[in-house]
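Peer 1:
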Amino acid sequence: MVKRVAVIGAGVMGHGIAQAYAGAGIQVNLYDPDEQMLQKAKNMLETSMSLFIQEGVWDEEHKENTWANLRVTTNLSEALNSVELITEAIPEILELKWKLFADIEAIVDEDIIIASNTSTIPLSQLAARVQHPERMVITHFFNPPQIVPLVEIVKHERTTDHAISTVMEVMTRIGKEPILLQKEVPGFIANRLQAALIREAFHLVEEGVADARAIDTAVTAGPGFRWSKIGPMQTVDFGGLDTWMRVMQNLAPVLSKEEKTPGIIRQHVEAGELGVKTGKGLFDYTDEEVLRETHKRDVHFLRLLALQQEQL
1 MVKRVAVIGA GVMGHGIAQA YAGAGIQVNL YDPDEQMLQK AKNMLETSMS
51 LFIQEGVWDE EHKENTWANL RVTTNLSEAL NSVELITEAI PEILELKWKL
101 FADIEAIVDE DIIIASNTST IPLSQLAARV QHPERMVITH FFNPPQIVPL
151 VEIVKHERTT DHAISTVMEV MTRIGKEPIL LQKEVPGFIA NRLQAALIRE
201 AFHLVEEGVA DARAIDTAVT AGPGFRWSKI GPMQTVDFGG LDTWMRVMQN
251 LAPVLSKEEK TPGIIRQHVE AGELGVKTGK GLFDYTDEEV LRETHKRDVH
301 FLRLLALQQE QL
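So the sequence shown is numbered by UniProt numbering: it starts at 1 and just counts up by one.
1) Using DSSP with H/G/I as helix, E/B as strand and the rest coil, what is N29?
2) Among P186, R4 and I8, which has the Cα closest to the Cα of A22?
3) Skipping 5 residues on each side, what residues in its chain have a beta carbon closer than 8 Å to that of L302?
4) Measuring CB to CB, does E152 end up less than 8 Å from L181?
5) With a Cβ-Cβ cutoff of 8 Å, do residue 320 and E88 count as a contact?
6) Work out the CA separation of G231 and G224 for me, nearest whole Å.
7) Among L85, K63, I26 and L45, which residue has its Cα nearest to the Cα of I8?
8) So, helix, strand or coil for P178, using DSSP?
9) Got a sec, what are the start and stop residues for the beta strand (DSSP E) A6 sits in?
10) Do you know whose CA, among L38, E273, L126 and H295, lies nearest A157's CA?
11) Considering only the alpha carbon of each residue, which of T294, K155 and K99 lies closest to R129?
12) When burial is assigned at 16 or more other CB atoms within 10 Å of the CB, is A195 buried or exposed?
13) Assuming L30 contacts A41 (C-beta within less than 8 Å), just tell me the rounded distance between them.
14) Using the Cβ count rule (16 or more neighbours within 10 Å means buried), how would you classify I107?
15) If you draw a straight line from the alpha carbon of E289 to that of P133, how long is it in whole angstroms?
16) Fully enclosed by the stretch 174-255, which alpha helix (DSSP H) runs are 4 residues long or longer?
17) Less than 8 Å between the beta carbons of L76 and D103, yes or no?
18) Would you report the Cα separation of R297 and P149, rounded to the nearest angstrom?
19) Counting along the chain, where does the beta strand (DSSP E) carrying F141 start and finish?
20) Out of H300, D109, K277 and E273, which has the shortest C-alpha to C-alpha gap to S82?
21) Going by beta carbon distance, what residues of the same chain come within less than 6 Å of G14, once the five residues before and after it are set aside?
22) Less than 8 Å separating the beta-carbons of F101 and V154?
23) Going straight from the alpha carbon of E78 to that of E259, what length do you get?
24) Do you know how far the Cα of P186 is from the Cα of P262?
25) Have a look at V170 and A10 and give me their C-alpha separation to the nearest angstrom.
26) What number of angstroms, rounded off, separates the C-alpha of S124 from the C-alpha of Q131?
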């Protein structure tokens, strides 16, 4: 049973993944070469853990135990000392990941599992330059990773059964709902489904059917409201396969088949309007609004998670 892990990269995903491990009683070494990033991560962890207490998910003792399970360091060798699982959560740049994997393999034994949190890079590419590709696996968390249950597990043809069973057990132990992909596919499962919806959403805006706010409401107040409990396959079952056969016969020919990035996205990027990180994207944001909306989002997610757990 894995008792100590290293999380490499203390950014938005890394610090949340570290909390998920530590909150479940696993010892965590959180590494980042940037001391300022580690301090920012500690601040974000404090905010997140306080929210868990506010919403009744944790008590003060659980928070104290979680902090006791966490150790931060700018020294990679220290971070990898005595760990049984390594989670990589650095930027989505293949060359950076290859360099990191080489540094890791120079330090740890060949049986230590390396799990990447990549959301876009195929595992076969990630493993192409490592000495021991059989220990490589993807554990794709979703933001915020300390809250969202889903973790996509991706293997490649040389990944060992031991590596797969180990990460599946760890993900289950920390309260996640892992799903194992039977083969590699770009974007995995959830992001492909999300991308299909986003493509159609921007198509509707570009066609003048509705504005961005209405599109969001159509999802969050409609099918999105149901999707936390019932997925697309069961939606079809409950609606009737005969009904959905007719729906798809009518809709499939008129849905967007665009293969390029939506023009609206390109226009905003070219204008330097990148979303909350710049204060303007499809909507406008002040710093206070970003903090407020993030807080509201996480409170909603925590309450939804608590409700789902009560129903288990």
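We put the beta carbon where it would ideally sit given N, CA and C, even for glycine.
Peer 2: Quick answer:
1) Mapped onto the sequence shown, residue 29 falls at position 29. Reduced to three states, the DSSP call for N29 is strand.
2) Position 22 of the sequence shown, counted from the start, is the residue given in the question as residue 22. When each option's Cα is compared against that of A22, the closest is R4.
3) Working through the sequence shown from its first residue, we reach residue 302 at position 302. Taken in chain order, the residues that qualify are L51, F52, E55, V57 and I147.
4) The sequence position of residue 152 within the sequence shown is 152, counting from 1. The sequence position of residue 181 within the sequence shown is 181, counting from 1. Yes, Cβ-Cβ distance for E152 and L181 is below 8 Å.
5) Summary: the structure shown does not reach residue 320, with the chain confined to residues 1 through 312, and so no result is reported for it.
6) Here residue 224 corresponds to residue number 224 of the sequence shown, with the count starting at 1. Here residue 231 corresponds to residue number 231 of the sequence shown, with the count starting at 1. Cα to Cα, G224 sits roughly 10 Å from G231.
7) Residue 8 sits at position 8 when you count from the first residue of the sequence shown. With distances taken between Cα atoms, I8 lies closest to L85.
8) Counting from 1 along the sequence shown, the entry for residue 178 is found at position 178. Here P178 sits in strand by DSSP.
9) Against the sequence shown, residue 6 aligns to sequence position 6. Per DSSP, A6 belongs to the beta strand (DSSP E) from R4 to I8.
10) Here residue 157 refers to the residue found at position 157 of the sequence shown. Looking at the sequence itself, residue 157 is Glu, so the reference to Ala does not match. When the alpha-carbon of E157 is set against those of L38, E273, L126 and H295, the nearest one is in L126.
11) Numbered from 1 along the sequence shown, position 129 holds the residue referred to as residue 129. The shortest C-alpha separation from R129 is found at K99.
12) If you number the sequence shown from 1, residue 195 lands on position 195. Answer is exposed; the Cβ neighbour count stays below 16.
13) As a working mapping, residue 30 is identified with position 30 in the sequence shown. As a working mapping, residue 41 is identified with position 41 in the sequence shown. Sure, about 7 Å apart at Cβ, within 8 Å.
14) As a working note, residue 107 is residue 107 in the sequence shown. Label assigned to I107: exposed.
15) Working through the sequence shown from its first residue, we reach residue 289 at position 289. Working through the sequence shown from its first residue, we reach residue 133 at position 133. Taking the CA atoms as reference points, E289 sits about 44 Å from P133.
16) Segments of the alpha helix (DSSP H) lying fully in the stretch 174-255: 190-206, 212-220, 223-227, 232-239 and 241-251.
17) On the sequence shown, residue 76 is found 76 positions in, with the first residue counted as 1. On the sequence shown, residue 103 is found 103 positions in, with the first residue counted as 1. Cβ distance < 8 Å, so L76 and D103 count as in contact.
18) Sequence index remark: in the sequence shown, residue 297 carries index 297 (1-based). Sequence index remark: in the sequence shown, residue 149 carries index 149 (1-based). R297 and P149 have their C-alpha atoms spaced approximately 15 Å apart.
19) For this step, residue 141 is matched to residue 141 along the sequence shown. Unbroken beta strand (DSSP E) run through F141: M136 to F141.
20) Against the sequence shown, residue 82 aligns to sequence position 82. Residue D109 is the option with its Cα nearest to S82.
21) On the sequence shown, residue 14 is found 14 positions in, with the first residue counted as 1. V7 and A89.
22) Here the question's residue 101 lines up with position 101 in the sequence shown. Here the question's residue 154 lines up with position 154 in the sequence shown. Their beta carbons are not under 8 Å apart, which means F101 does not touch V154 by this criterion.
23) Translated into positions along the sequence shown, residue 78 becomes position 78. Translated into positions along the sequence shown, residue 259 becomes position 259. In this structure, the CA atom of E78 is about 45 Å from the CA atom of E259.
24) For the purposes of this step, residue 262 is taken as the residue at position 262 of the sequence shown. For the purposes of this step, residue 186 is taken as the residue at position 186 of the sequence shown. Annotation: P262 to P186 spans about 19 Å, alpha carbon to alpha carbon.
25) One-based indexing of the sequence shown puts residue 170 at position 170. One-based indexing of the sequence shown puts residue 10 at position 10. Distance between the alpha carbons of V170 and A10 is about 20 Å.
26) Within the sequence shown, residue 124 is the residue found at index 124, counting from 1. Within the sequence shown, residue 131 is the residue found at index 131, counting from 1. The C-alpha of Q131 is placed about 13 Å away from the C-alpha of S124.
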